[in-house]
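Have a look at the structure below, then the notes.
Chains as they are written, first to last, in the working numbering: chain A, 1 to 912; chain B, 1001 to 1378.
This is how it looks when you write it as structure tokens:
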């Protein structure tokens, strides 16, 4: 195989920048094939960018990246080799779909890579067995612990038997036990398929030490590369951690190893007392009878596997969660969510970065200082002091979201101590932070504890950090297994180090298959390296359906979204069907009668007896008329002049004035018509009575025939047109949010790194929503026909065809919106702002499109709702058939391909 | 510092954070500008007058002077110039929706009118276009009747009984449609944007976990919510004022009869109420997709049933009770009173109070649900 002889990856002169920030700066590297290659370096060194470029998930800006014998800049090569590459992005289970089960995720990835159902099943079974995930395959990913997610992510990456496995910090935030299982799985895979190359970035030095070949990066540059032995001779150091440090600090400033002075035994009494803390979510007990005591000034380490209840315990201590049972006493008083005074004495740093990314480091600090009510001067000085103390000077004015992870964590710490708390609760503060930055971080903690007597409660996965604590608690499955000084914990198990003690403690109590060592009897690799999978037919369609299936399942598992999607439109239709009415009735009017004769009363009776008008108390003065019109007490005032009766009797000219509230122009115009009619009726009657001539009795009648809607009731217009509006708005926004969600959560990486084409992705995502739309159409049509009693006179089949095309167009429009919005908020916003106006105003529901003007006319013409509205109204009330609706169907049929083409054009296949 | 002052300072500083976040999101700002600028202008002008450009055809079976003069009655802007079609084409033309009105003048119409016989003009109306149909048909009826009367008087030299109805429209003498649509459109955009902005701002904090961070600080949920209300409300009110000055009063030339300050005060109260609804939705929704659906189901009735699209009086009684609960109905109500009728505080204060109470109710409701929904989301 030519690809396995030379280097597996050849990188030359690669530059990469995000805006002004340079991530990679003239990087050149050749990675030997068939080896385990480690990429180490501090946060923000450019490791993730480099891995993304190798996987083809990120767009190459400058330079060359050759992977498996071809350039990754060429789309053809990317398509050809991406089935041989597996890429697992950073973050626990970031590229997994949370709402579907583990097995379904595996099947999804299998299908994307074109495996047959049988192959998929076999491989999924073997991988699940090897990782100990078999019993959890039916569990939703969102319910898996972090370690399990990471193992599942690996399974998904391995399902297609790749030649190149790219893992971006796969063990960050994973507990030691899961970590050990993870690496033994990789090792057994490599033993079976020696030709497979593995590229992994890691923050753990012991993991890096296992690699055959290493590249050390910093600030977008490669500092050194080669085998571990080569690096040792190059730097003259023996330990990898020292090698790393000496390579980085080439300026010679050797760093003193971190030493934490021993704690002087305090006499202040306990700061935290947890008594039998228990927390249940439904029938799941997350924390089960946890008790411990923490003394003032102590550094208390909290260890445990992923999902064992550490975070939940911390949340109970901070009052974010109320314990189901038990009690927590912090700083001498029981935890109470409503007691704000205690919060001023406690600092809390959550697991995920929870500062405001859009604010700069300095702004974040100032904001928190102000929220803790420091005076402006104090806030500013404290901010500057903290910036200096935690070493943020270089980053103080950069957006927090653009900072490297390690710097962000330091910022988070600075923020959590801005108010000089007595107690600091830190939830995995150093996950994903490089060793050097971790040491710096701990230096800060040590200073706080020893010099400022701050009590520190910290959870961690790093054993060397645990060793620095005064006391540690080991937690597993909601219980505290042991709570003692690190030395005593090791001693109690007779283990060589804390990690071994940790694992032996857990294995002692846990006999579940997840913790059992993986059974490696079955071979994991099914083929020899380099062999291309046999081409199967319809892989494109199958990939498309994989997306459809995945989306459908997520939708079905969200009952709220489902209920709203199906019955929301129904509810809206009911409200609008009954509520929207153009029939103007019950107009409040009052008479301003100067005359008070039988004639004037007879004239007014014409109004009072009409169903359109309802009479209010008479008006007595001009000022009163003004006032009552102003206060909306009456909408119509009729002024009858003095001597009206006399004029009418004598048959001379007579005049009446009507004042209409013109605020609502539409209503005013309708009222005007009614008033004129009532007036004409009276005039005609008087004329007939007055005139004796035969010619006078003749009349010209104007007969109004309302077609299609004999009673001119609004429901005949609203019934068929509201569904058209609802379908558009609901579907476009749902669709846009669904794709934007992939971008925000990170699952879009699967689209970047797999052979999925743009159209497969788009149509695959679209199909479930077309289904939702058709169900909606059926529900709403039934409502209109049976509940509103508007008969469907025309061809129902043609209408259904039109609805299908229209729904495809509406979802297609949602796809277009999703291509230019990055967040779900923006998708909702854009969807609502851009679709409501044309749909509600310019598509013929209120006014025929032919009567619109200017921009409104243009919008109406290029908007699918116009055509479907026309069709729907025609089919319901006019009884039109296919021949009459041909042009509408044709127009609708053009929208979907146009929208799809536009989305495909705008959607990026690679990340920037 | 503590108590009320401390609380106010928290609300203020948290709010400035919202403003910063919004300032760094150009897409959002573009959408707001678009909605309050182009959106309102197009909506106000696009629909033309109440009856505008209505398509009309004449079936002239009389071919007389009178019938021709009737055909000549219809001209823009209310009607498109009347086309003459044959009697056989009526059904087809109506089915295709080419004309909203078809006026049929029977044979010997002129002669019948002259001889004082009964004559009948038929107007076929496409009643699926309800609004146009009702208003347009009464226009046609009056125009044709007047024309016939004029003709008869001219022919008979008979002064007849002259009756006169002087219709005057108060507050909008020419019935300029854009005056009305501009204000309704302003209200619609106001409701929609403020609800999305505040609701999404809250939901985003929840999805990104930053809300937990806020909740472990000495801050109350009330302060967090109120900060979002004032900051997003301020942005929307600034956009509103600009739109009022430059689009509504500037480009569209809509006169504002009442006090602008009173209008602004009412808008501030309404924005508070609508923002509280946004907070409420952001509290009960768990994901952005759920929020989007709930938002639609709130905003659409607020837009369509508030009296801006169709009059409140014509809603069935029970729906009127339901719509009474929509703050937008009261907003449209008092806005019309202030802008067109020049109402003063003594007239609108009651509706101001109702909207304010609604805002407080929604905010209180959100606060009651806040911690519970946060705990169950985990």
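Cβ coordinates follow ideal geometry from the N, Cα and C atoms, glycine included.
Please read these numbers as outputs of a predicted model, since none were measured by experiment.
Chain-ordered residues of the segment 1103-1122 of chain B with a beta carbon less than 7 Å from chain A: Listed by position, the residues of the segment 1103-1122 of chain B near chain A (Cβ gap below 7 Å) are 1113, 1116, 1117, 1118, 1119, 1120, 1121, 1122.
Cα-Cα separation, residue 404 of chain A to residue 1312 of chain B: Going from the Cα of residue 404 of chain A to the Cα of residue 1312 of chain B covers about 57 Å.
Delimiting residues of the alpha helix (DSSP H) encompassing residue 31 of chain A: Here residue 31 of chain A belongs to no alpha helix (DSSP H); instead the beta strand (DSSP E) covers 21-31.
Listed by chain order, chain A residues near residue 1267 of chain B by CB distance under 7 Å: Here the premise fails: no neighbours, minimum Cβ distance about 17 Å.
Inter-stretch contact (C-beta, 8 Å, three-pair minimum) for the segment 102-117 of chain A and the segment 561-571 of chain A: No, because fewer than three Cβ pairs between the segment 102-117 of chain A and the segment 561-571 of chain A fall closer than 8 Å, the two stretches do not touch.
Within chain B, the residues that residue 888 of chain A reaches when beta carbons sit closer than 7 Å: Those do not exist, as residue 888 of chain A stays about 10 Å from chain B at its closest Cβ, beyond 7 Å.
Own chain residues within Cβ distance below 6 Å of residue 1058 of chain B, not counting five before or after: Closer than 6 Å at Cβ, skipping near neighbours: 1071, 1082, 1084, 1103.
Nearest residue (CA-CA) to residue 1128 of chain B, options A:885, A:724, A:719: For residue 1128 of chain B, the nearest C-alpha among the options comes from A:719.
Which of helix, strand or coil DSSP assigns to residue 983 of chain B: In the structure displayed, chain B extends from 1001 to 1378; residue 983 of chain B sits before or after that span and is not available.
Helix, strand or coil at residue 847 of chain A according to DSSP, with G and I counted as helix: In this structure, DSSP gives residue 847 of chain A a state outside helix and strand, which the three-state scheme calls coil.
Proximity test, Cβ basis, 8 Å: residue 632 of chain A and chain B: Among the residues facing chain B, residue 632 of chain A is included, as its CB has a counterpart in that chain under 8 Å away.
Contact the segment 95-114 of chain A vs the segment 133-145 of chain A: 3+ CB pairs below 8 Å: Verdict: yes, contact present.
Cutoff 8 Å: residue 848 of chain A Cβ touching any chain B Cβ: Flagged as an interface residue toward chain B: residue 848 of chain A, by a C-beta distance shorter than 8 Å.
Classification of residue 1191 of chain B by the beta-carbon crowding that lies within 10 angstroms, buried from 16 upward: Residue 1191 of chain B is buried by the Cβ-count criterion.
Residue interval of the beta strand (DSSP E) (run including residue 38 of chain A): Residue 38 of chain A -> beta strand (DSSP E) spans 36-40.
Assigned exposure category for residue 519 of chain A - 16 Cβ within 10 Å defines buried: The predicted model places residue 519 of chain A with a pLDDT of 46, which falls under 50 and marks its position as unreliable; any figure quoted below should be read in that light. Classification for residue 519 of chain A: exposed.
Residue 1366 of chain B, buried or exposed, once every other Cβ within 10 Å from all chains shown has been counted against 16: Buried.
Backbone secondary structure at residue 655 of chain A - three-state DSSP: Strand.
For residue 647 of chain A, the first and last residue of its enclosing alpha helix (DSSP H): Run containing residue 647 of chain A: 644-650, per the alpha helix (DSSP H) assignment.
DSSP state of residue 334 of chain A mapped onto helix, strand, coil: Reduced to three states, the DSSP call for residue 334 of chain A is strand.
Span separating the alpha-carbon of residue 285 of chain A from that of residue 318 of chain A: Computed Cα separation, rounded: 19 Å.
Span of the alpha helix (DSSP H), counted from its first residue to its last, around residue 1216 of chain B: In the DSSP assignment, residue 1216 of chain B falls outside any alpha helix (DSSP H) and carries neither an H nor an E.
From A:297, A:218, A:214, residue whose alpha carbon lies closest to that of residue 234 of chain A: Checking every option, the nearest Cα to that of residue 234 of chain A belongs to A:214.
Proximity winner among B:1316, B:1286, B:1264, B:1018, relative to residue 1206 of chain B (alpha-carbon distances): Comparing alpha carbon positions, the residue from B:1316, B:1286, B:1264, B:1018 closest to residue 1206 of chain B is B:1286.
Contact belief for residue 352 of chain A with residue 386 of chain A at Cβ below 8 Å, rounded distance in angstroms: Actually they do not touch by this definition, with Cβ atoms about 21 Å apart.
Status (buried if at least 16 other CB within 10 Å, exposed otherwise) for residue 150 of chain A: The residue in question, residue 150 of chain A, is buried, as its Cβ has 16 or more Cβ neighbours within 10 Å.
CB contact below 8 Å: residue 84 of chain A versus chain B: No, no contact with chain B.
Within-8 Å CB hit, residue 1017 of chain B to chain A: Yes, its Cβ sits closer than 8 Å to a Cβ of chain A.
Where residue 1228 of chain B meets chain A, residues with beta-carbon distance less than 8 Å: Here the premise fails: no neighbours, minimum Cβ distance about 13 Å.
Where residue 1168 of chain B meets chain A, residues with beta-carbon distance less than 9 Å: Correct list: 657, 658, 659, 660, 662.
Endpoints, the alpha helix (DSSP H) within which residue 1338 of chain B is located: Residue 1338 of chain B -> alpha helix (DSSP H) spans 1327-1339.
Span of the alpha helix (DSSP H), counted from its first residue to its last, around residue 504 of chain A: Per DSSP, residue 504 of chain A belongs to the alpha helix (DSSP H) from 498-509.
Cβ distance (whole Å) where residue 578 of chain A is taken to contact residue 1316 of chain B below 8 Å: That pair is a contact at about 6 Å.
Residue 483 of chain A - DSSP class collapsed to helix/strand/coil: In the three-state DSSP reduction, residue 483 of chain A falls in the strand class (E or B).
Start and end residues, alpha helix (DSSP H) containing residue 550 of chain A: If you look at residue 550 of chain A, you'll find it in the alpha helix (DSSP H) that goes 539-556.
Residues bridged to residue 455 of chain A [DSSP beta-bridge criterion]: Residue 455 of chain A pairs with A:423.
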